[in-house]
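See structure below.
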Amino acid sequence: MKRIETLKTLLNLYWTFCKIGSVTFGGGVAMLPILERELIDKRHWMTSDEMLDYYAIGQSTPGIIAVNVATFIGYKQCGNVGGVCATLGVITPSLVIITLIAKFIGTIDEIAWVRKAFRGINVAVAANLTYATVNFARRTVKNLFGAILLLMAFAVIFFFNISSIIVIFAAAAAGIIEAVLGGQFRPGKKSGGGQPEGKNR
Amino acid sequence: MIPSLLELFFIFFYVGLFTIGGGLVALTLMQQTIVARGYISQEQFYNMVAISESTPGPIGMNMATYIGNEFYGIPGAIITTLGQAAPSIICILLIAHFFSKFQEKPLIKAAFSGLRPATTGIILVATAHIFQLALLNIPSDISVLATGRGWLDLFKWQPVLFYAAAVFVLFKTKIHPVVVIALGAVFGILFL
């Protein structure tokens, strides 16, 4: 009985990511508004903090970001096999759609209405991303420190082309420094942060 | 000259392993391993990029599928796609395993409290790029912005109207982002 339950979860993971992959236009970040709606709001598989953690890790480790995030979410739902199923789900649409295009259409660019549709889709993706960015900013910026980090991260990448990996490591360091300066690691205050550590043992 | 299936697998495993930070990095690596060795021509490569950018699915994966397909049809596509995804799966499963153990440690918590707003900033970069591409006509000469006319020409007005309406509806209703994409396609066919 339990095995059937697991199989159901795995199929559900595969199918969910298959659907998400087939409506993702562009890179891994373009997937975010859809993940937010489907996995955070609708299915409650995770919180937005967890989603951002996965993106931070996915952006600073090897591999396509969309695949990294899918593997991470799949692992959280159903262990190693879950990670593999979610990944297979997110790459299936690429396989099917590109194979069909390669077979039947030489150059998609030549079809005028397809070009127009893609221009419209770009505008829609801009709107979706604006909405998702505002939502995430509301949830992650809790104080002035957070606001400064957000704007700095944006500015150094957008205006100076600094690699996002450097930004991620710098931001992690800034988080630790802020905690140290705020006194979170002082022995007297340790009871708050130290508790979960004790539970693990 | 075409590479063997095994070679293709390892080429894309290599591309997946050294892609850190996004699809554009993957494109550069493919250029170095596939185009520079003469397996496919530069022109063909750019044609593939154009199609991969504008079809559903992550760009890197679309490219892998496309190139594999070019050499060996569907089996080739499966080999390249799996080759490229394999390093992700291995690395992330290892990290995820340790992450669940360490995420409650104060040091890791502190690091992620800095990471979350910064990651939102990185997402804002992607938003700004697509905004530029879809809604603005960036002038070749910035000085035209000194005039009112220059500011008016900066915006593509039909897309701006659609964008404003879409953002409004997204905030005010429970409309699904996929519906917005479908409406965007219709809007593009009719007006752009």
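So the protein lines, in turn, are chains A and B.
Numbering of the first sequence is given in numbering that gives the first Met the number 0, commencing with residue 0 and proceeding in unit increments.
Numbering of the second sequence is given in numbering that gives the first Met the number 0, commencing with residue 0 and proceeding in unit increments.
Idealized CB from N, CA, C, for every residue including glycine.
Item: Straight-line CA distance for T15 of chain A to G88 of chain A?; Value: 7 angstroms
Item: Quick check for students: name the residue ranges of the alpha helix (DSSP H) that lie wholly in the segment 42 to 109 of chain A, counting only runs of 4 or more.; Value: 47 to 58 and 64 to 103
Item: Using a C-beta cutoff of 8 angstroms, does T172 of chain B count as contacting chain A?; Value: no
Item: Between M45 of chain A and L38 of chain A, how many whole angstroms is the CB-CB distance? I'm expecting something under 8 angstroms.; Value: 6 angstroms
Item: Along the chain, where does the alpha helix (DSSP H) containing Y162 of chain B start, and where does it finish?; Value: W156 to K171
Item: Classify L191 of chain B as helix, strand or coil using the three-state DSSP reduction.; Value: coil
Item: Rounded to the nearest angstrom, how far is the Cβ of I39 of chain B from that of I66 of chain B, given a contact under 8 angstroms?; Value: 7 angstroms
Item: Hey, Q58 of chain A and S163 of chain A: beta-carbon distance below 8 angstroms or not?; Value: yes
Item: Could you check which residue in B:A163, B:G149, B:R115 and B:V168 has the C-alpha nearest to that of F144 of chain A?; Value: B:R115
Item: Starting from the C-beta of Q194 of chain A, find all residues in its chain whose C-beta is less than 6 angstroms away, skip the five residues before and the five after it, and write them out in chain order.; Value: With a pLDDT of 38 at Q194 of chain A, under the threshold of 50, the modelled position of this residue cannot be trusted; read the value that follows with caution. Hits under 6 angstroms: none found.
Item: Below 9 angstroms between beta carbons is the criterion; list the residues of the segment 118 to 129 of chain B that meet it against any residue of chain A, in chain order.; Value: T118, T119, G120, I121, I122, L123, V124, A125, T126, A127, H128 and I129
Item: What is the C-beta distance between A116 of chain A and I188 of chain B, in whole angstroms, given that I count them as a contact (C-beta under 8 angstroms)?; Value: 5 angstroms
Item: Assuming the contact rule is C-beta atoms closer than 8 angstroms, G183 of chain B and A171 of chain A should be a hit. Round their C-beta distance to whole Å, please.; Value: Actually they are not in contact, since the Cβ atoms of G183 of chain B and A171 of chain A sit about 36 angstroms apart, beyond 8 angstroms.
Item: Does the pairing of the segment 43 to 51 of chain B with the segment 71 to 85 of chain B give three or more beta-carbon distances under 8 angstroms?; Value: no
Item: Residues in its own chain within less than 7 angstroms of G192 of chain A by CB, not counting five upstream and five downstream?; Value: Legend: pLDDT at G192 of chain A = 40, less than 50; position of this residue unreliable, no value from coordinates given.
Item: Rounded to whole angstroms, what's the CA-CA distance from N134 of chain A to F97 of chain B? Just pull it up for me.; Value: 29 angstroms
Item: Helix or strand or just coil, what does DSSP make of G59 of chain B?; Value: helix
Item: Taking 8 angstroms as the CB-CB limit, is R36 of chain A close to chain B?; Value: yes
Item: Since V122 of chain A contacts F161 of chain B with CB under 8 angstroms, what's their CB separation in whole angstroms?; Value: 5 angstroms
Item: Please check if any C-beta of chain B sits within less than 8 angstroms of the C-beta of G88 of chain A.; Value: no
Item: One question on the structure: do S93 of chain A and M60 of chain B come within less than 8 angstroms of each other, judged by their Cβ atoms?; Value: yes
Item: With 8 angstroms as the threshold, decide whether the Cβ of S53 of chain B is near any Cβ in chain A.; Value: yes
Item: Does chain A have any CB closer than 8 angstroms to the CB of F17 of chain B?; Value: yes
Item: Below 8 angstroms between beta carbons is the criterion; list the residues of the segment 146 to 157 of chain B that meet it against any residue of chain A, in chain order.; Value: none
Item: Between A:L6, A:I3, A:A29 and A:K7, which lies nearest to L123 of chain B when the distance is taken from Cα to Cα?; Value: A:A29
Item: Buried or exposed: where does V143 of chain B fall if 16 or more other Cβ atoms within 10 Å of its Cβ makes it buried?; Value: exposed
Item: Where are the alpha helix (DSSP H) runs, 4 residues long or more, that stay fully inside the segment 5 to 77 of chain B, in chain order?; Value: 22 to 29 and 41 to 52
Item: State the Cα-Cα distance for the pair L191 of chain B and L92 of chain B, rounded to the nearest angstrom.; Value: 44 angstroms
Item: Measuring only between beta-carbons, confirm whether W112 of chain A sits less than 8 angstroms from chain B.; Value: yes
Item: Exposed or buried, what is N68 of chain B when buried is set at 16 or more other beta-carbons lying within 10 Å of its beta-carbon?; Value: buried
Item: Closer than 7 angstroms by C-beta to N136 of chain B: which residues in its own chain qualify, once you throw out the five before and the five after it? Chain order, please.; Value: D152, L153 and K155
Item: Contact criterion: CB-CB distance below 8 angstroms. Does I161 of chain A meet it with respect to chain B?; Value: no
Item: Can you tell me whether G145 of chain A is helix, strand or coil according to DSSP?; Value: helix
Item: Taking the alpha helix (DSSP H) that I164 of chain A belongs to, which residues open and close that run?; Value: S163 to L180
Item: Just the C-alpha distance for V177 of chain B and I110 of chain A, rounded to the nearest angstrom, thanks.; Value: 23 angstroms
Item: Going along the chain, which residues of its own chain have a beta-carbon closer than 6 angstroms to the beta-carbon of G82 of chain B, five neighbours each way excluded?; Value: F8, F11 and F12
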